[in-house]
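Number of protein chains: 2
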Amino acid sequence: MKKEIPYCDFATKNKKSVINKIRLYKHKGNFTWKGIKTEKYKTAGADWKGIIRKVLIGNHNESTKFHIRYFEIAPGGYSSFEKHKHEHVVIGIRGKGKVLCGKKNYQLNFLDTLYIAPDTPHQLSNPFQDPFGFLCIVNAKRDRPRILTPP
Amino acid sequence: MKKEIPYCDFATKNKKSVINKIRLYKHKGNFTWKGIKTEKYKTAGADWKGIIRKVLIGNHNESTKFHIRYFEIAPGGYSSFEKHKHEHVVIGIRGKGKVLCGKKNYQLNFLDTLYIAPDTPHQLSNPFQDPFGFLCIVNAKRDRPRILTPP
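Protein chains in written order, with this note's numbering: chain A, 1 to 151; chain B, 1001 to 1151.
What follows is the structure, encoded as structure tokens:
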């Protein structure tokens, strides 16, 4: 039986051969895209709540050195409190949310762009009444997150 | 005298030491960000018109394997018709525009996401009445574009 790795989209697949072809993922409205499936944020763990994930770039055998994911946190939801060596770039595109990043709290609104440096403990959350959606861009090759005890 | 390289943001700077720190680039409205300057699309050339560039990630000594740029094409403007080995990911975020990509024409609306495969001739343009703004994500290490004769 294949063991699922309960970490976001870190190393969940065997490396496939590269197939680079032009692809257009049309936005169908409501933050869904043609040809892009909706997945769980992680396949296991009780340290997160109410998040879905859509991998825009990275699941179609592209050779890019980066992956682009859309995450959406429902009202009351939050991501794992974690750290890792790889960086995140987070760009708000739907609603607004909160980010605990290092020792500071930030609010992310539309198009606010946050660079989360390597090894920074961080957690995203949505204490608001509407969904909080954001792009998260990461290096294609990246280390496994380490889950931390919430503050 | 330092020679300027008239190619987008390809290799215009010497490599600097990496300085990774948390940074928040707040969206000030109207597709401008605090701490992000507005630059020309390219420093020379007559094969493009009416484009500005804002480098969100890539100009602050980050160690990311990718750069994130916001480009905006004014009504009537267009980018160079060119090709290169590196891929582009283009995500529409303001208005709408056209992309000639390979042999096809695409229209990009809000959040439409286009993967432009390596060595695909491509040109973005704005035949509409409002500004066309998009994110363009590329590998940090990339080859120099080759300008092509427009079709």
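Beta carbons: idealized from backbone N, C-alpha and C, even for Gly.
Note that the coordinates shown come from a computational prediction; the quantities given were computed from them, not determined experimentally.
C-beta neighbour in chain B for residue i, strict 8 Å
i	result
Gly95/A	no
Leu111/A	yes
Lys65/A	yes
Asn30/A	no
Asn139/A	yes
Val89/A	yes
Lys21/A	yes
Glu176/A	Since the first and last residues shown for chain A are 1 and 151, residue 176/A lies out of range.
Leu114/A	yes
Exposure label - residue i; buried when at least 16 CB within 10 Å
i	result
Ile1019/B	exposed
Lys54/A	buried
Pro1151/B	exposed
Lys1021/B	exposed
Selected residue, minimal CA-CA separation from residue i, among the options
i	options	result
Thr149/A	Leu24/A, Ser17/A, Ala46/A and Ile36/A	Ala46/A
Pro100/A	Arg94/A, Ile116/A and Gln129/A	In the sequence as displayed, the identity of residue 100/A is Leu instead of Pro. Of Arg94/A, Ile116/A and Gln129/A, the residue nearest in Cα terms is Ile116/A.
Gly50/A	Gly35/A, Ile36/A and Glu72/A	Glu72/A
Phe66/A	Ile137/A, Thr32/A, Thr43/A and Leu114/A	Ile137/A
Thr113/A	Tyr1041/B, Ile1057/B and Ala1044/B	Ile1057/B
Arg1069/B	Tyr1078/B, Gly1077/B and Gly1092/B	Gly1092/B
Trp48/A	Phe110/A, Leu135/A, Asp119/A and Gly76/A	Gly76/A
Leu1108/B	His1086/B, Asn1061/B, Leu1135/B and Glu1062/B	Leu1135/B
Contact with chain A by residue i, beta-carbon distance below 8 Å
i	result
Leu1148/B	no
Gly1102/B	yes
Leu1024/B	yes
Enclosing beta strand (DSSP E) for residue i [first to last residue]
i	result
Asn1105/B	Lys1104 to Leu1108
Gln1129/B	Looking at the DSSP string, Gln1129/B is not in any beta strand (DSSP E), and its letter there is neither H nor E.
Lys49/A	Lys49 to Ile57
Val99/A	Gly97 to Cys101
Phe121/A	Inspection of the sequence shows that residue 121/A is occupied by Pro rather than by Phe. Element bounds for Pro121/A: n/a, residue is neither H nor E.
Gly1045/B	Looking at the DSSP string, Gly1045/B is not in any beta strand (DSSP E), and its letter there is neither H nor E.
Arg1023/B	Arg1023 to Tyr1025
Gly159/A	Any answer about residue 159/A is impossible in this case: the structure gives chain A only from 1 up to 151.
Glu1072/B	Phe1066 to Tyr1078
Report task. Could you tell me whether the region 1079–1086 of chain B touches the region 1123–1136 of chain B, where touching means 3 or more Cβ pairs closer than 8 Å? Result -> Using a C-beta cut-off of 8 Å, the region 1079–1086 of chain B makes contact with the region 1123–1136 of chain B, since at least three inter-stretch Cβ pairs fall below that distance.
Query raised in the report: Are at least three pairs of beta-carbons, each pair with one atom in the region 96–112 of chain A and one in the region 129–140 of chain A, less than 8 Å apart?
Result: Contact between the region 96–112 of chain A and the region 129–140 of chain A is present, with at least three C-beta pairs closer than 8 Å.
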